[in-house]
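Trainee: The following block contains the structure, expressed as structure tokens.
2 protein chains.
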Amino acid sequence: MAQNIYDIPEFFSAYSQIPRQVHGLAGAPEWPRVQAMLPDLNNLRVVDLGCGFGWFSRWARENGAASALGIDLSENMIARARAGTADPMIEYRIADLEALVLPENSFDLAYSALAFHYVQDFGRLVRTIQRSLVAGGWLVFTIEHPILMAAAHPRWWADEDGRKTWPVNQYSVEGDRRTDWFAKGVLKYHRTMGTTLNTLIEAGFTIRHVEEFAPSAQQVQENPALAEEIERPMFLLISAQA
Amino acid sequence: MAQNIYDIPEFFSAYSQIPRQVHGLAGAPEWPRVQAMLPDLNNLRVVDLGCGFGWFSRWARENGAASALGIDLSENMIARARAGTADPMIEYRIADLEALVLPENSFDLAYSALAFHYVQDFGRLVRTIQRSLVAGGWLVFTIEHPILMAAAHPRWWADEDGRKTWPVNQYSVEGDRRTDWFAKGVLKYHRTMGTTLNTLIEAGFTIRHVEEFAPSAQQVQENPALAEEIERPMFLLISAQA
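If you read the sequences in order, they're chains A and B.
According to our numbering, the first sequence is numbered sequentially starting from 1.
According to our numbering, the second sequence is numbered sequentially starting from 1001.
Put into structure tokens, the structure is as follows:
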């Protein structure tokens, strides 16, 4: 079973305050780029893997989706998601992505934001998603970028000119990475870009777009703290078709 | 026109001594992985872009290719390549990849080793290759990995544990990178992984395999200097089909 940090009360309380939870999709700087990678949602059956507070499922329904199923490991998250809607075509369900079971040939779009790097058996998950999609169905997801995750001590350094610089080591050593983020020892799984892409391809997906998030000039102007994201990619955005 | 460092006598002399030039394909540690990404060469018409001394064209013919065309900017390289074979089905030609013209629908495999990062207009090149391939034809190529190329000062650091660590900055700032490698100010073009992959996809290619070269345990045992390549990827290997 995946580590469930979200049901640790202190974690949940702090996590609930970050901009992307308070402001929903628009609180995530990468959202405009993710949105540009999504198909037209009209009449699509959507599944959101690691749905958190359920923002995406509600947004999908508001934008024409026929139905939305949000799945999350955390009881706290699912309780909050359920409290946020009375839409009968949205369902929120507690489940572990490590052991996910989905009906076959039943969805047109699988979406996931910043959840898959918590999953150890990515191959199993991707094959499960592939079977759950109709032919031509879309998988659009974001994960922490392997450049961000690889190093033993991932933190900003300064180079000889004083420029913000990110360290990379043990890049090809895949597996556990533990960091402190609102809780001690949050467990994530590092995979190379190659492994992530080849796992999709081997499961039968066709890669449609790969983006390493960098803020726009306007985003940096509005929020100067984002400038450092130009130095190294924080998130990896991928779209693929079954 | 691309910078032609290979016809600077001092550069050419030093470059001719590196293992992959002295020993050919087997002198390159990534070659076994590249070879695993190639289609069966039997009866294929092959073009090798940035052919250098022509090793790959000769190997392709020895492994069943119907013909091989090797292209390189450097007169020195092409002279050496021509001197290395009397095979009438191998042709070596001087041309600049920035302005490459190829006959349409004429090749089954386009191959390139460590040349495309010298090319500024990657989109033009990829579209030219795509048109030159038959439907289902293969493009298999290697480039320097963007993690290797991005930083303003690309050199090994030590992290707080003394571990070899590679710096990344200005990752999303694409364009010129100048380094000293046998010659001063060798000009290369940094592109993100996303840009490289999306350029292929937008030109009509389907991505088949993406590999970030890391040496095997056996390679490290035989050549301990390769161990550092585990810390950060040096080369990016891609196969795609038209």
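In this text, a Cβ means the ideal position worked out from N, Cα and C, and glycines have one as well.
Everything numeric in this text was worked out from a predicted model, so none of it was measured.
What's the gap between the Cα of B:L1049 and the Cα of A:D72?
Mentor: The straight-line gap from Cα to Cα measures roughly 49 Å.
Trainee: Taking B:I1143 as the query, report the chain A residues whose CB atoms sit under 8 Å from its CB, ordered along the chain.
Mentor: None at all; the shortest Cβ gap to chain A is about 13 Å.
Trainee: From the beta carbon of B:V1220, is the nearest beta carbon of chain A less than 9 Å away?
Mentor: Chain A, which has no Cβ nearer than 9 Å to the Cβ of B:V1220, makes this no.
Trainee: Taking the beta carbon of B:W1181 as the centre, do at least 16 other beta carbons fall within 10 Å, making it buried, or is it exposed?
Mentor: Exposed.
Trainee: Which ranges does the beta strand (DSSP E) cover as unbroken runs of at least 3 residues, wholly within the region 122 to 158 of chain A, from first to last along the chain?
Mentor: Fully enclosed beta strand (DSSP E) runs of 3 or longer: 133 to 144.
Trainee: Three-state secondary structure (DSSP) at A:Q17?
Mentor: The answer is coil: DSSP assigns A:Q17 none of H, G, I, E or B.
Trainee: Within its chain, find whatever has a CB closer than 6 Å to the CB of B:R1177; leave out the 5 residues flanking it on each side and keep chain order.
Mentor: M1149, K1188, H1190, listed in sequence order.
Trainee: So B:G1194 contacts chain A; which residues on that side make the cut at Cβ distance below 7 Å?
Mentor: V210, E211, E212, listed in chain order.
Trainee: Can you tell me whether DSSP reads A:P167 as helix, strand or coil?
Mentor: Correct three-state label for A:P167: strand.
Trainee: Closer than 9 Å, CB to CB, is A:L226 near chain B or not?
Mentor: Judged by the 9 Å Cβ criterion, A:L226 is not in contact with chain B.
Trainee: Measure how close the beta-carbons of B:W1166 and B:R1232 come, nearest whole angstrom, since I'm counting them as under 8 Å.
Mentor: That pair is a contact at about 4 Å.
Trainee: Do A:M193 and A:P154 have their CB atoms nearer than 9 Å?
Mentor: No.
Trainee: Determine, for A:E62, whether the minimum Cβ-Cβ distance to residues of chain B falls below 9 Å.
Mentor: Taking Cβ atoms only, chain B never reaches closer than 9 Å to A:E62, which makes this a no.
Trainee: Label A:A108 either buried or exposed according to how many other C-beta atoms from any shown protein chain fall within 10 Å of its C-beta, with 16 as the threshold for buried.
Mentor: Reading off the sequence shown, one finds Asp at residue 108 of chain A, where the question assumed Ala. The residue is buried, with at least 16 neighbouring Cβ atoms inside 10 Å.
Trainee: Helix or strand or just coil, what does DSSP make of A:H117?
Mentor: Residue state, collapsed to three classes: helix.
Trainee: Please compile the residues from chain A whose C-beta is within a distance smaller than 9 Å of the C-beta of B:T1199.
Mentor: Result: empty, since nearest Cβ-Cβ is about 11 Å, beyond 9 Å.
Trainee: Span of the alpha helix (DSSP H) holding B:Q1218?
Mentor: It spans 1217 to 1222 - the alpha helix (DSSP H) in which B:Q1218 sits, taken as one unbroken run.
Trainee: A:N169 touches chain B at which residues, Cβ-Cβ below 8 Å?
Mentor: Simply D1159, R1163, K1164, T1165, W1166, E1231, R1232.
Trainee: Tell me, which residues are paired with A:Q241 by DSSP?
Mentor: Its beta-bridge partners are A:W138, A:T206.
Trainee: Please compile the residues from chain E whose C-beta is within a distance smaller than 8 Å of the C-beta of B:I1147.
Mentor: Going by chain labels, chain E is absent from the structure shown, which instead holds the protein chains A and B.
Trainee: Listed from N- to C-terminal order along the chain, which residues in the region 1113 to 1136 of chain B have their beta-carbon within a distance smaller than 9 Å of any beta-carbon of chain A?
Mentor: Answer set for the region 1113 to 1136 of chain B: empty.
Trainee: Contact check, B:N1198 vs A:V126 under 8 Å by CB: the rounded distance?
Mentor: The Cβ separation is near 21 Å, so there is no contact.
Trainee: Return yes when the Cβ of B:I1230 is within less than 9 Å of the Cβ of A:Y171, no when it is not.
Mentor: Cβ atoms of A:Y171 and B:I1230: closer than 9 Å.
Trainee: Using the beta-carbon of each residue, which ones in chain B are nearer than 8 Å to A:A183?
Mentor: Chain B residues near A:A183: none, gap ~23 Å exceeds 8 Å.
Trainee: So A:L100 and A:W55 are in contact, right, with Cβ under 8 Å, and what is the actual spacing, rounded?
Mentor: Not a contact, Cβ separation roughly 20 Å.
Trainee: Kindly list, in the order they appear in chain A, the residues whose Cβ is closer than 7 Å to that of B:T1206.
Mentor: Correct list: T206.
Trainee: Residues bridged to A:H190 by DSSP?
Mentor: In DSSP, A:H190 forms a bridge with A:G175.
Trainee: Output needed in chain order: residues of the region 1013 to 1044 of chain B with a Cβ under 7 Å from some Cβ in chain A.
Mentor: Per Cβ criterion, the list is empty.
Trainee: Among the candidates A:I238, A:L226, A:A203, whose CA atom is the shortest distance from the CA of A:R247?
Mentor: Nothing in the structure corresponds to residue 247 of chain A, since chain A is present only between 1 and 242.
Trainee: Along the chain, which unbroken stretches of the beta strand (DSSP E) at least 3 residues long are found entirely within the region 1064 to 1123 of chain B?
Mentor: You should have 1067 to 1072, 1090 to 1094, 1107 to 1113.
Trainee: Name, please, each residue of chain A whose Cβ falls closer than 9 Å to the Cβ of B:H1190.
Mentor: Near B:H1190 there are no residues of chain A at all, since even the closest Cβ is about 12 Å away, more than 9 Å.
Trainee: Have a look at A:Q221 and B:V1119 and give me their C-alpha separation to the nearest angstrom.
Mentor: Distance between the alpha carbons of A:Q221 and B:V1119 is about 32 Å.
Trainee: Candidates A:N169, A:L114, A:V134: which alpha carbon is nearest A:E144's?
Mentor: Considering only alpha carbons, the answer is A:L114.
Trainee: Within the 9 Å Cβ cut-off, does B:A1151 reach chain A?
Mentor: At least one chain A Cβ lies under 9 Å of B:A1151.
Trainee: Which residue's Cα is closest to the Cα of B:Q1130: B:P1103, B:A1152, B:T1142?
Mentor: That would be B:P1103, whose Cα lies nearest to the Cα of B:Q1130.
Trainee: Excluding sequence positions up to five away, which residues of its chain have a Cβ less than 7 Å from the Cβ of B:F1053?
Mentor: Taken in chain order, the residues that qualify are Q1021, M1077, R1080, A1081, G1084.
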